[in-house]
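Trainee:
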Amino acid sequence: MARYGMIMDLRTCVGCQACMAACATENQTPFWSGKFRTHVEDKTRGAFPDVTRELLPRLCMHCDNTPCLSACPTGATFMNRDGVVLVNFDRCIGCYACCVACPYDARYPYDREDVDREHELYGKTVTHEMPHVDKCTFCTHRVSEHREPACVSTCPTNTRIFGNLDDAASEVHKLAVSGKARVLNEGLGTSPKVMYIPS
Amino acid sequence: MTFVHQEVWHWQIATYLFLGGLGGATFAISAVLHLFEGCDRKMLSVAIMSSIAFLVIGTIFLLADMLQPLKAIYALTNPRSWIFWGVIFINFYFVSAIAYVIPLLETWPQLLPIIRKIPQPVLSLLERFNKLAALTGSAAGFLVAIYTGLLISAAPAISFWNTPALPLLFVISGFSTGAAYLLLLSTFSKNESAWKITAKLEQLDAVLIVSELIILGAYFNFALFLPTGARASAEYLFHSPVFLVGFFIAGLIVPLAIETYGIFFSGHSKKSGSLLVAASALVLVGGYLLRIYVLKAGIFQYPW
């Protein structure tokens, strides 16, 4: 049993969006509809000459105190023994209560059109056989084979650091307790397991 | 900080919320009137049958908006979710409403052949416990009406929704639409005693509209003075002409003026009947617009 988490080192993110592409192909997410499990927010603030560009990669925060899990009436949203928040596609009725409850825009509907398009593109190897609400899984299928999530292994600048937050020897644990890492929307009390080192 | 309009719940869910509030409140008010005032049984039976129809239609809209409506039974799995409780409340409502309305339907000679197919012991049991069904029904109707607000208030990042004022606003607005609908029915009733009920309903609706105005005042006062998404939502509503004119002016102020005129100046006479029909229709349209615009004004406050 682990407690998986991710640290985003914003000092190194260059906004290449390779993480988005890796996730979309690994998880067959509907990029054709502009829906992704992970995004890189790209904000330009201020006016010339005082202009800054801020990049913020984001995904499901896998909160310990999960508003989406409380909102889901069917129990389709659940937390596995490793602290990863998942959706059981077979149980999901697509009522969107979780989408409304999520404070991090981490969920989207994988609707009928998306399922049909996925069948056209991937043929017999589809992973989303029915409409449901979709979200990041921390690539549990890869982690169970001792591989990193697709976004982490593809990141060319090592912005994303993944591991067991409870393992005192892991890099992710050391960074999490270093005092440098912050969570988003701390005031909501969601206790996210994705943290950010500011740039 | 980024403010983004929610894009998953649209007019279908607004219709469900409106019909839920209307159906729940219609039953609750009818049952209370029956218990304390006595009432025209024909009018009561029409009110209850139509309130059941409102809930059925509302539920169809909810199911039609889902990705997998055929699996809706799974919604009875997680008691931490408001939808779980909504399913319980609505079913409690249906059972109470059907048990309550069957003895009332005996006032319709056309329906007697169908009603006589129900075994006599069951019928006499329903007749005997008719007032108990009215009592449980009024509780069920209240729970359904307040649930519509509780459902959408469970959104921590939509600060305009995530407030105790929203369920309160929806329950008062729901009861106002219920009273307006019953007022509409009572103006069409041929029973002479129906006019006494009309007077009661007119007073009730006026009190509910005043309560709604007070809650709206407190709600917008809260929303406009916080640097959050709630302020963005309130400003959005203030810049929506349909919300201001359709809901606030036509759906609240005008019916309140008509009802005040009816209460104090026309002495609940039949002369004010057509005005009352107009006021009731405006309250109903206003109640629907409120829900559509509250959903449209759902703005997420994201930390990036």
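Chains A and B supply the protein sequences, listed in that same order.
Quick note on this note's numbering: the first sequence kicks off at 118 and runs consecutively.
Quick note on this note's numbering: the second sequence kicks off at 2 and runs consecutively.
The beta-carbon is built from N, C-alpha and C at its ideal position, and this holds for glycine as well.
What residues from the region 215 to 238 of chain A come within 7 Å of chain B, judged by C-beta to C-beta, listed N to C?
Mentor: Taking 7 Å as the Cβ-Cβ cut-off against chain B, the residues of the region 215 to 238 of chain A that qualify are Cys-216, Val-217, Ala-218, Pro-220, Asp-222, Pro-226 and Asp-228.
Trainee: Just reading off the beta strand (DSSP E) that Leu-172(A) is part of, what are its end residues?
Mentor: Its beta strand (DSSP E) spans residues 167 to 175.
Trainee: Going by DSSP, what residue range makes up the beta strand (DSSP E) through Pro-80(B)?
Mentor: Per DSSP, Pro-80(B) belongs to no beta strand (DSSP E) and is neither H nor E.
Trainee: Among the candidates Gly-299(B), Leu-105(B), Ser-139(B) and Glu-128(B), whose CA atom is the shortest distance from the CA of Ile-159(B)?
Mentor: Closest by alpha carbon: Gly-299(B).
Trainee: Run through chain A and tell me which residues come within less than 8 Å of Trp-12(B), C-beta to C-beta.
Mentor: Those within 8 Å of Trp-12(B) in chain A number zero; the least Cβ separation is about 14 Å.
Trainee: What did DSSP end up calling Val-255(B) once you bin it into helix, strand or coil?
Mentor: Reduced to three states, the DSSP call for Val-255(B) is helix.
Trainee: Residues of the region 192 to 210 of chain A with a CB closer than 7 Å to any CB of chain B: list them in chain order, please.
Mentor: If the cut-off is 7 Å between Cβ atoms, the region 192 to 210 of chain A has Gly-192, Arg-208, Cys-209 and Ile-210 near chain B.
Trainee: Do you know offhand how far Leu-227(B)'s Cα is from Phe-301(B)'s?
Mentor: If I take the Cα positions, the gap works out to 14 Å.
Trainee: Helix, strand or coil for Val-243(A) per DSSP?
Mentor: Of the three classes helix, strand and coil, the one that applies to Val-243(A) here is coil, per DSSP.
Trainee: Interface residues of chain B around Ala-188(A) at Cβ under 7 Å?
Mentor: Chain B residues near Ala-188(A): Ser-82 and Ala-155.
Trainee: So what does Gly-163(A) bridge to, in DSSP terms?
Mentor: Gly-163(A) is bridged to Val-168(A).
Trainee: Mind listing the chain A neighbours of Phe-4(B)? Cutoff is C-beta to C-beta under 8 Å, in chain order.
Mentor: Going along chain A, no residue has its Cβ under 8 Å from Phe-4(B), so there is no contact; the nearest lies around 12 Å.
Trainee: Which residue wins for smallest C-alpha separation from Asn-192(B), given the options Val-33(B), Met-44(B) and Gly-24(B)?
Mentor: Of the candidates Val-33(B), Met-44(B) and Gly-24(B), the one whose C-alpha sits nearest the C-alpha of Asn-192(B) is Met-44(B).
Trainee: Can you list, in chain order, the residues of its chain whose CB lies under 6 Å from that of Trp-109(B), leaving out five sequence neighbours each side?
Mentor: Excluding sequence neighbours, Trp-109(B) sits near nothing in its chain.
Trainee: Which of the three DSSP states, helix, strand or coil, is assigned to Met-178(A)?
Mentor: Three-state result, Met-178(A): coil.
Trainee: What in chain A is Cβ-close to Trp-109(B), meaning under 7 Å?
Mentor: Near Trp-109(B) there are no residues of chain A at all, since even the closest Cβ is about 38 Å away, more than 7 Å.
Trainee: According to DSSP, is Phe-148(A) part of a helix, a strand, or is it coil?
Mentor: Helix at Phe-148(A).
Trainee: Is it a yes or a no for the region 88 to 99 of chain B touching the region 128 to 142 of chain B, going by three-plus beta-carbon pairs under 8 Å?
Mentor: Contact holds: three or more Cβ-Cβ distances are below 8 Å.
Trainee: Do Phe-90(B) and Tyr-148(B) have their beta-carbon atoms positioned less than 9 Å apart in this structure?
Mentor: Going by C-beta atoms, Tyr-148(B) is nearer than 9 Å to Phe-90(B).
Trainee: Could you tell me the alpha carbon to alpha carbon distance between Ile-14(B) and Cys-177(A), rounded to whole angstroms?
Mentor: C-alpha separation (whole angstroms): 26 Å.
Trainee: Out of Ala-285(A), Tyr-213(A) and Cys-219(A), state which residue places its alpha-carbon closest to the alpha-carbon of Val-202(A).
Mentor: Residue Cys-219(A) is the option with its Cα nearest to Val-202(A).
Trainee: Got a sec? Which residues, its chain only, sit under 6 Å from Ser-234(B) by beta carbon, not counting five neighbours each side?
Mentor: Cβ neighbours of Ser-234(B) beyond the five flanking positions: Phe-161, Ala-298 and Ile-300.
Trainee: With which residues is Tyr-313(A) paired in a DSSP beta bridge?
Mentor: Looking at the DSSP assignment, Tyr-313(A) forms a beta bridge with Met-125(A) and Arg-299(A).
Trainee: With burial defined as no fewer than 16 other Cβ atoms inside 10 Å of the residue's Cβ, what is the status of Met-123(A): buried or exposed?
Mentor: It is buried - the Cβ of Met-123(A) has at least 16 other Cβ atoms within 10 Å.
Trainee: Please classify Trp-149(A) as buried or exposed, where buried requires at least 16 neighbouring CB atoms within 10 angstroms.
Mentor: So Trp-149(A) counts as exposed.
Trainee: How would you label Thr-276(A), buried or exposed, when you count the other beta carbons within 10 angstroms and need 16 or more for buried?
Mentor: Buried, because 16 or more other Cβ atoms sit within 10 Å of the Cβ of Thr-276(A).
Trainee: Between the alpha carbons of Pro-266(A) and Ala-119(A), how many angstroms are there, rounded?
Mentor: Each residue's Cα considered, the two are about 15 Å apart.
Trainee: Could you compute how far the alpha carbon of Gly-179(B) sits from the alpha carbon of Trp-86(B)?
Mentor: Computed Cα separation, rounded: 22 Å.
Trainee: Closer than 8 Å: is that where the CB of Arg-129(B) sits relative to any heavy atom of the ligand GTP?
Mentor: Although the ligand GTP was asked about, the structure shown includes no ligands whatsoever.
Trainee: Report yes or no: do the region 53 to 70 of chain B and the region 240 to 250 of chain A share at least 3 C-beta pairs separated by less than 8 Å?
Mentor: Yes, the region 53 to 70 of chain B touches the region 240 to 250 of chain A.
Trainee: Counting only C-beta atoms, is Asn-92(B) closer than 9 Å to chain A at any point?
Mentor: Not closer than 9 Å to any Cβ of chain A, the Cβ of Asn-92(B) fails to qualify, so no.
Trainee: Pick helix, strand or coil for Leu-203(A), following the three-state DSSP scheme.
Mentor: Leu-203(A): strand per DSSP, three-state reduction.
Trainee: What residues match up with Phe-279(A) in a beta bridge as DSSP calls it?
Mentor: Beta-bridge pairing links Phe-279(A) to Met-123(A).
Trainee: Can you find the residues in the same chain that come closer than 7 Å, C-beta to C-beta, to Ile-58(B), ignoring five residues on each side of it along the sequence?
Mentor: Around Ile-58(B): Leu-20.
Trainee: Look at Leu-183(B) and Leu-34(B) and say whether their C-beta atoms are less than 9 Å apart.
Mentor: Yes, the pair counts as a contact, with Cβ atoms nearer than the cut-off.
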